[in-house]
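Visitor: Its first residue numbered 133, the sequence shown is counted upward by one per residue in the working numbering.
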Amino acid sequence: MQHLVVLTGAGISAESGIKTFRDQDGLWENYDVMEVASYDGWLRNQDLVLQFYNDRRHQLKSAQPNAGHKGLVELEKYFNVSVITQNVDDLHERAGSKNILHLHGELTKARSTKNPAYITDIRYNDINTGDLCPEGAQLRPHIVWFGEEVPAISEAISIIQKADLFVIIGTSLNVYPAAGLIDYASIGIQIFLIDPNPVQSPYNRKIEFIKEKAGKGVEILTNLLRKRLNLDL
Ligand code: OAD
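#1: Going by beta carbon distance, what residues of the same chain come within less than 7 angstroms of Ser145, once the five residues before and after it are set aside?
#2: Is Val276 a contact residue of the ligand OAD, with contact defined as CB to any heavy atom under 7 angstroms?
#3: Start and end of the beta strand (DSSP E) containing Asn212?
#4: Quick check on Lys338: does DSSP put it in helix, strand or coil?
#5: Consider the C-beta atom of Glu147 and the heavy atoms of the ligand OAD; say whether any pair is separated by less than 7 angstroms.
#6: Going residue by residue through the segment 272 to 315, where are the continuous beta strand (DSSP E) segments of at least 3 residues, counting only ones entirely within it?
#7: Skipping 5 residues on each side, what residues in its chain have a beta carbon closer than 6 angstroms to that of Ala269?
#8: What do you reckon, is the C-beta of Ala368 under 7 angstroms from a heavy atom of the ligand OAD?
#9: Which of helix, strand or coil does DSSP assign to Gln322?
#10: Within this structure, are the beta carbons of Gly302 and Ala195 separated by less than 8 angstroms?
#11: Specify the secondary structure class of Glu267 as computed by DSSP and reduced to three states.
#12: If you reduce the DSSP assignment to three classes, tell me which class Val331 lands in.
#13: Which whole-angstrom value is the C-beta distance of Ala199 and Glu351, which I expect to be below 8 angstroms?
#14: Below 7 angstroms, is the gap between the Cβ of Ile300 and the nearest heavy atom of the ligand OAD?
#15: Are Ala242 and His274 close, meaning C-beta to C-beta below 8 angstroms?
#16: Does the beta-carbon of Ala288 have 16 or more other beta-carbons within 10 angstroms, so that it is buried, or is it exposed?
#17: Tell me where the alpha helix (DSSP H) around Lys193 begins and ends.
#18: Find the nearest neighbour of Ala311 within the set Ile292, Pro328, Gln322, judged by alpha-carbon distance.
#19: Would you please state the rounded distance, in angstroms, between the beta carbons of Asn186 and Ile259? I believe it to be under 8 angstroms.
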């Protein structure tokens with residue numbers, strides 16, 4: 133089977149009712165990103181940061197995977213699919229995708245502020261000031277904040293280097309190092325981009341643009357690949 137790698141961003145969860153970051157009325161229009169998603173913000177006002185992610189977790193609990201997430205699971209009939217996501221939600225998991233790498237962390241996990249290797253599942257529960265790891269240190273959201281390293285990036289690079297097809301869905305490609313991953317796709321492989329809005333791509337790569345929302349876009353992509361690669365024969 134060919135290896136199809138998908139890089140997803142907030143846009144794939146938009147049809148599940150989860151706000152993107154940089155669209156009109158997106159999260160970063162309503163919150164100061166440096167207050168709620170940076171380590172300095174955490175040091176300044178821990179309760180504000182905890183509340184921000186507690187709210188995101190409450191919202192996620194009632195959200196459901198949409199046709200875009202489910203369509204990627206369908207593609208596993210034809211391809212060995214790897215999903216690399218910038219999203220911190222668990223909608224790819226709940227849709228049933230088998231191989232998922234979270235670049236920016238996961239809302240449903242907490243981690244120790246003392247020992248980064250201590251990561252614990254909290255499902256959709258809150259983290260509050262005073263919630264401690266076994267070593268007695270405060271727990272924090274298991275989220276990569278601005279200015280922090282992205283530990284999963286080297287694994288993402290090695291996955292993309294082995295891709296036979298690369299699909300980008302619902303990301304403005306504004307945030308590095310995630311936005312630079314496209315550079316690691318082998319020259320000559322087909323690259324598709326699904327987004328209802330124009331995406332500024334600074335790359336000198338040929339990209340097939342499917343100008344649709346994720347749900348419809350993944351359906352169009354699947355039909356196109358089935359035809360082009362004779363997958364139903
Ligand atoms: P953005 O909010 O920057 O971009 C969302 C993209 O989704 C835009 O290109 C939209 O046009 C597109 N979009 C909107 N609705 C869509 C739909 N229904 N279907 C498909 N696409 C749609 O979100 P990201 O690129 O994911 O990081 O942002 C990257 C990172 O910036 C996030 O992981 C987050 C943020 O700060 C952290 O918080 C660490």
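For each residue, glycine too, the CB sits at the ideal point set by N, CA and C. Remember, predicted model here, so these are calculated numbers, not experimental data.
Guide: Straight from the coordinates:
#1: So the list reads Asn219, Asp221, Leu223, once near-sequence residues are dropped.
#2: For the ligand OAD, at least one heavy atom lies less than 7 angstroms from the Cβ of Val276.
#3: Start and end: 212 to 217.
#4: It is coil, neither helix nor strand.
#5: Yes.
#6: List check, beta strand (DSSP E) in window: 297 to 301.
#7: Within the same chain, Ala269 has close Cβ partners Ser244, Thr245, Lys246.
#8: For the chain, the structure presents residues 133 to 365; residue 368 sits outside this window and is missing.
#9: Of the three classes helix, strand and coil, the one that applies to Gln322 here is strand, per DSSP.
#10: Between Gly302 and Ala195, the C-beta gap is not smaller than 8 angstroms, which leaves the two residues out of contact.
#11: Glu267 sits in coil when the DSSP states are folded into three classes, being neither helix nor strand.
#12: Of the three classes helix, strand and coil, the one that applies to Val331 here is coil, per DSSP.
#13: Right, the Cβ-Cβ distance comes to about 7 angstroms (below 8 angstroms), so this counts as a contact.
#14: No, the beta carbon of Ile300 sits no closer than 7 angstroms to any heavy atom of the ligand OAD.
#15: In this structure, the beta-carbon distance from Ala242 to His274 falls below 8 angstroms.
#16: Buried, by the Cβ-count rule.
#17: Unbroken alpha helix (DSSP H) run through Lys193: 178 to 194.
#18: That would be Ile292, whose Cα lies nearest to the Cα of Ala311.
#19: Their Cβ separation, rounded to whole angstroms, is 7 angstroms, which keeps Asn186 and Ile259 in contact under 8 angstroms.
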